[in-house]
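Everything below concerns the one structure shown next.
Have a look at this one:
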């Protein structure tokens, strides 16, 4: 059996997405790398969000949807632990070349990852119950 490199494996497991071409380098990276990884990691992100709300927001299920959305969005911006829950599953599935680009643009890409991951979770709030 032929051994494949980690870079090959992490790029092959990603789903193919039909996205419009982009102009900027950051936006291109977002659409070509981050979005497919976020889609692939969706189940993990939901599980991590569920653990987070069960630990820190015991009455989460009793709240109105708008309040639940607010908790997820605010945590994705202000809670370092939750931000890490959202960012590292994405970074962990980047190839070495992608990781080099990520490192050069870490601050901007972390904001984008946490925002996009929070949006995915908010769109699936019913799965946190």
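Numbering (the working numbering), first residue to last: 219 to 347.
For glycine and all other residues, C-beta sits at the position ideal for the given N, C-alpha and C.
Since this is a predicted model, take the numbers as computed values, not measurements.
First and last residue of the alpha helix (DSSP H) that includes residue 335? As a working note, residue 335 is residue 117 in the chain shown. From DSSP, the alpha helix (DSSP H) with residue 335 extends over 324-340.
Looking at the unbroken alpha helix (DSSP H) that takes in residue 288, where does it start and where does it end? Here residue 288 refers to the residue found at position 70 of the chain shown. Where residue 288 is concerned, the enclosing alpha helix (DSSP H) stretches over 283-296.
Do residue 306 and the ligand ADP come close, with the Cβ less than 7 Å from some heavy atom? Annotation note on the ligand ADP: not contained in the displayed structure, which lists no ligands.
Have a look at residue 238 and residue 266 and give me their C-alpha separation to the nearest angstrom. One-based indexing of the chain shown puts residue 238 at position 20. One-based indexing of the chain shown puts residue 266 at position 48. The straight-line gap from Cα to Cα measures roughly 30 Å.
What are the complete alpha helix (DSSP H) segments, minimum 4 residues, inside the region 249-285? 253-258 and 260-274
What does a CB cutoff of less than 7 Å around residue 323 pick up in its chain, not counting 5 residues either side in sequence? As a position in the chain shown, residue 323 is number 105, starting the count at 1. Closer than 7 Å at the Cβ level, and outside the excluded window around residue 323, lie 244.
8 Å contact criterion, which residue 252 and residue 331 should meet: CB distance rounded: By one-based count along the chain shown, residue 252 stands at place 34. By one-based count along the chain shown, residue 331 stands at place 113. So it is a contact: roughly 6 Å between Cβ atoms.
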